[in-house]
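Q:
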Amino acid sequence: MEQNKFKLTWPLQLLRGLLTGALVGLLMTIFALSINIVGKINSSYPILVFLIPGGAVLTTFIYKKAGPKYRNSTTEAIDDINNANRNLAKSQVQDSVCPQMGFIAYIATLITHITGASGGKEGSGVQIGLAGASAINSLETKLLKNESEHNSEYYLMCGASAAFGALFSSPIAGVMFGTQFASPKTTRLDAWLPCTISSFTAVIVSKLLNIHILHIPTIIPLETSISNYIIVALFAVIVGYYSRLFCFFTHSVKHLCQSKIKNEYLKVAFPATILLILSIATYFLTGTFMYNGLGGSLLSDIISGKAPQIADIMKLLMVTFTFAAGFAGGEVVPLLIVGAGFGMSFASIFSLPVSAFAALGALSMLSGGTNLPLACFALGLELFGYSEPTLLFLATSLSFLASGTSGIYNHQTKPY
Numbered sequence: 013m014e015q016n017k018f019k020l021t022w023p024l025q026l027l028r029g030l031l032t033g034a035l036v037g038l039l040m041t042i043f044a045l046s047i048n049i050v051g052k053i054n055s056s057y058p059i060l061v062f063l064i065p066g067g068a069v070l071t072t073f074i075y076k077k078a079g080p081k082y083r084n085s086t087t088e089a090i091d092d093i094n095n096a097n098r099n100l101a102k103s104q105v106q107d108s109v110c111p112q113m114g115f116i117a118y119i120a121t122l123i124t125h126i127t128g129a130s131g132g133k134e135g136s137g138v139q140i141g142l143a144g145a146s147a148i149n150s151l152e153t154k155l156l157k158n159e160s161e162h163n164s165e166y167y168l169m170c171g172a173s174a175a176f177g178a179l180f181s182s183p184i185a186g187v188m189f190g191t192q193f194a195s196p197k198t199t200r201l202d203a204w205l206p207c208t209i210s211s212f213t214a215v216i217v218s219k220l221l222n223i224h225i226l227h228i229p230t231i232i233p234l235e236t237s238i239s240n241y242i243i244v245a246l247f248a249v250i251v252g253y254y255s256r257l258f259c260f261f262t263h264s265v266k267h268l269c270q271s272k273i274k275n276e277y278l279k280v281a282f283p284a285t286i287l288l289i290l291s292i293a294t295y296f297l298t299g300t301f302m303y304n305g306l307g308g309s310l311l312s313d314i315i316s317g318k319a320p321q322i323a324d325i326m327k328l329l330m331v332t333f334t335f336a337a338g339f340a341g342g343e344v345v346p347l348l349i350v351g352a353g354f355g356m357s358f359a360s361i362f363s364l365p366v367s368a369f370a371a372l373g374a375l376s377m378l379s380g381g382t383n384l385p386l387a388c389f390a391l392g393l394e395l396f397g398y399s400e401p402t403l404l405f406l407a408t409s410l411s412f413l414a415s416g417t418s419g420i421y422n423h424q425t426k427p428y
């Protein structure tokens with residue numbers, strides 16, 4: 013019976029993955045291009061940094077008018093995936109994970125990057141991917157009238173896979189992300205086919221449309237040896253604890269601002285003003301706003317060993333006050349930059365290869381922050397081009413274990 017059911021459903025799963033991947037690949041290309049354009053505008057007109065407090069207030073106003081539920085749409089999607097057997101018709105998830113959510117995330121992230129706040133884009137990109145997948149799910153429900161089948165969880169996993177895969181041009185990492193981000197405790201093999209089709213399709217479409225992705229300099233990997241195993245193992249554990257600090261610090265500062273200030277606009281204006289002060293201070297010290305914006309060039313400089321030794325600390329501070337100020341974007345690229353900066357400093361202190369430890373630090377930090385070691389391992393191979401898989405796997409695994417239950421995604425089903 014189960015075998016016959018599989019024969020009947022796998023073509024539909026393939027079609028779902030194909031349609032979701034094609035749509036999300038297009039959406040991610042438009043999104044990445046838009047972020048690149050507003051980032052260049054900000055770089056051309058540095059005075060826009062003075063709009064940071066206004067941008068924080070405007071973002072809060074948009075979410076207030078649209079509805080606060082859109083703030084936590086990724087969390088709602090995680091809940092939907094993890095609670096697929098409930099009555100979805102009465103679920104709040106169906107109100108928040110929708111096409112409107114994607115548009116709001118798009119506009120809010122443009123505000124983040126036009127003002128020069130220090131945020132990423134992958135968090136919003138995943139939300140846009142979820143929104144696109146939700147739109148196709150709604151279309152299928154109307155055409156086939158299959159409300160009772162509850163396919164939304166598969167569409168959401170496909171949307172997340174496609175978005176992550178396209179934004180990093182990493183289809184394997186996209187599959188791992190989509191099938192695991194809601195519940196690192198289990199890999200959703202029942203969604204493996206549509207997520208694979210969705211992620212690979214999105215990457216192909218986005219590449220054909222010349223999507224803008226992070227540029228990673230050439231990395232010379234470490235050789236496999238007993239001494240390197242020991243060094244990388246110790247380093248990964250330290251980075252795992254650093255990822256705990258990242259999550260604790262960013263969440264604590266935001267909670268402090270939210271709890272101590274009553275007015276909802278002052279709650280974001282205060283940390284935004286601190287962010288502005290930090291930005292101006294950085295400019296006077298370095299002559300650039302290197303810690304503002306997405307940070308792609310900063311990541312390249314870190315891997316090449318050209319960035320300041322305190323790059324990870326400065327980026328951590330800037331990111332902390334960016335998200336305390338309510339800006340949209342995501343923590344994925346900030347985690348990569350902070351981890352890479354720590355890896356660069358670690359390598360410099362102990363006279364180790366900078367590019368190798370910057371890459372291992374970036375991926376280890378991301379592994380600890382997302383609780384997704386397999387996705388980060390795949391990302392290291394695909395995006396970073398780290399060709400020594402055993403040390404990379406060791407780093408992402410041990411950092412994940414050392415990070416404990418902390419993470420950037422709320423309501424994940426933790427493995428322990």
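In the working numbering, the protein residues as written are 13 to 428. Even glycine gets a Cβ: it sits at the ideal position worked out from N, Cα and C.
#1: Look at S129 and F339 and say whether their C-beta atoms are less than 7 Å apart.
#2: Using three-state DSSP, classify S182 as helix, strand or coil.
#3: Compare the Cα-Cα distances from K327 to each of S316, E394, K318, L311 and report the closest residue.
#4: Please classify Q139: is it buried, with 16 or more other beta-carbons within 10 angstroms of its beta-carbon, or exposed?
#5: Would a C-beta distance cut-off of 7 Å place P206 and Y166 closer than the cut-off?
#6: Report yes if the CB atom of S399 is closer than 7 Å to the CB atom of P229, and no otherwise.
#7: According to DSSP, is G137 part of a helix, a strand, or is it coil?
#8: Would you kindly work out how many angstroms separate the C-alpha atoms of L142 and K81, rounded to a whole number?
#9: According to DSSP, is S10 helix, strand or coil?
#10: In whole angstroms, what is the alpha-carbon distance linking S150 and L257?
#11: Quick one: give me the first and last residue of the alpha helix (DSSP H) that P23 is part of.
#12: Does DSSP put H125 in a helix, a strand or coil?
#13: Alpha carbon to alpha carbon, how far is L375 from S218? Give it in angstroms, no decimals.
#14: Distance check for A68 and I441, CA to CA, integer angstroms please.
#15: Between which two residues does the alpha helix (DSSP H) holding N240 run?
#16: Helix, strand or coil, according to DSSP, for V109 in the structure here?
#17: From which residue to which residue does the alpha helix (DSSP H) around P283 run?
#18: Taking L348 as the reference, which of G190, G308, I216 has the closest Cα?
#19: CA-CA distance, M40 and D202?
#20: What is the DSSP secondary structure of N99, counted as helix, strand or coil?
#21: Tell me whether the segment 170-185 and the segment 351-368 touch, counting them as touching only if at least three CB pairs, one residue from each stretch, are closer than 8 Å.
#22: In the DSSP assignment, find the unbroken alpha helix (DSSP H) run with E235 in it and report its ends.
#23: Could you tell me the boundaries of the alpha helix (DSSP H) in which L220 lies?
#24: Distance check for V366 and L24, CA to CA, integer angstroms please.
#25: Quick check on DSSP: helix, strand or coil for R83?
#26: Is it the case that the Cβ atoms of F193 and G186 are separated by a distance below 7 Å?
#27: Taking 8 Å as the threshold, find out whether the segment 109-119 comes into contact with the segment 312-320 through three or more Cβ pairs.
#28: Inspect the beta-carbon positions of L168 and A89 and report whether they are closer than 7 Å.
#29: If distances are taken between C-alpha atoms only, which option among I184, V109, I126 comes closest to K52?
#30: Could you check how far apart the C-beta atoms of D324 and F354 are, in whole angstroms? I think they sit under 8 Å.
#31: Decide if K133 is buried, meaning its Cβ has at least 16 other Cβ atoms within 10 Å, or exposed.
#32: So the alpha helix (DSSP H) M356 belongs to, where does it begin and stop?
#33: Out of curiosity, what's the CA-to-CA distance linking S146 and S210?
#34: Does the structure place the segment 389-406 close enough to the segment 53-63 that three or more beta carbon pairs sit under 8 Å?
#35: Do you know how far the Cα of G144 is from the Cα of G66?
A: In short:
#1: Going by the sequence as given, residue 129 is Ala instead of Ser. For A129 and F339, yes; Cβs fall inside 7 Å.
#2: If DSSP states are grouped into helix, strand and coil, S182 belongs with coil.
#3: Closest in C-alpha terms to K327, from the list S316, E394, K318, L311, comes L311.
#4: It counts as buried.
#5: Yes.
#6: No, they are not a contact pair.
#7: In the three-state reduction of the DSSP assignment, G137 falls in the helix class.
#8: Taking the straight line joining both Cα atoms gives about 15 Å.
#9: Lying outside 13 to 428, the shown extent of the chain, residue 10 is not represented and no answer is given.
#10: Counting only the Cα atoms, L257 lies some 40 Å from S150.
#11: Run containing P23: 14-56, per the alpha helix (DSSP H) assignment.
#12: Taken through DSSP and simplified to helix, strand or coil, H125 comes out as helix.
#13: Their backbone Cα atoms lie some 23 Å apart in a straight line.
#14: With the chain covering 13 to 428 only, the question about residue 441 has no answer from this structure.
#15: Here the alpha helix (DSSP H) through N240 covers 238-272.
#16: Of the three classes helix, strand and coil, the one that applies to V109 here is coil, per DSSP.
#17: Its alpha helix (DSSP H) spans residues 276-298.
#18: The option with the nearest alpha carbon to L348 is G308.
#19: Rounded to whole angstroms, M40 to D202 spans 25 Å at the Cα level.
#20: Because the pLDDT of N99 is 43, which lies under 50, any placement of that residue in the model is unreliable, and the number read from its coordinates should be weighed accordingly. In the three-state reduction of the DSSP assignment, N99 falls in the coil class, being assigned neither a helical nor a strand state.
#21: In short, these stretches do not touch, since the Cβ pair count stays below three.
#22: Boundaries cannot be given for E235, as no alpha helix (DSSP H) includes it and DSSP labels it neither H nor E.
#23: Going by DSSP, L220 is part of the alpha helix (DSSP H) stretching over 204-220.
#24: Taking the straight line joining both Cα atoms gives about 48 Å.
#25: DSSP, reduced to helix, strand and coil, places R83 within a helical segment of the structure shown.
#26: Against a cut-off of 7 Å, the Cβ pair of G186 and F193 comes out as no contact.
#27: Cβ pair count under 8 Å is below three, so no.
#28: Yes, these two residues count as a Cβ contact at 7 Å.
#29: That would be I126, whose Cα lies nearest to the Cα of K52.
#30: Confirmed, Cβ separation roughly 4 Å.
#31: Label assigned to K133: buried.
#32: M356 -> alpha helix (DSSP H) spans 344-361.
#33: One C-alpha to the other measures close to 14 Å.
#34: The count of Cβ pairs closer than 8 Å, one atom from the segment 53-63 and one from the segment 389-406, stays below three, leaving the stretches out of contact.
#35: G66 and G144: Cα-Cα distance of roughly 29 Å.
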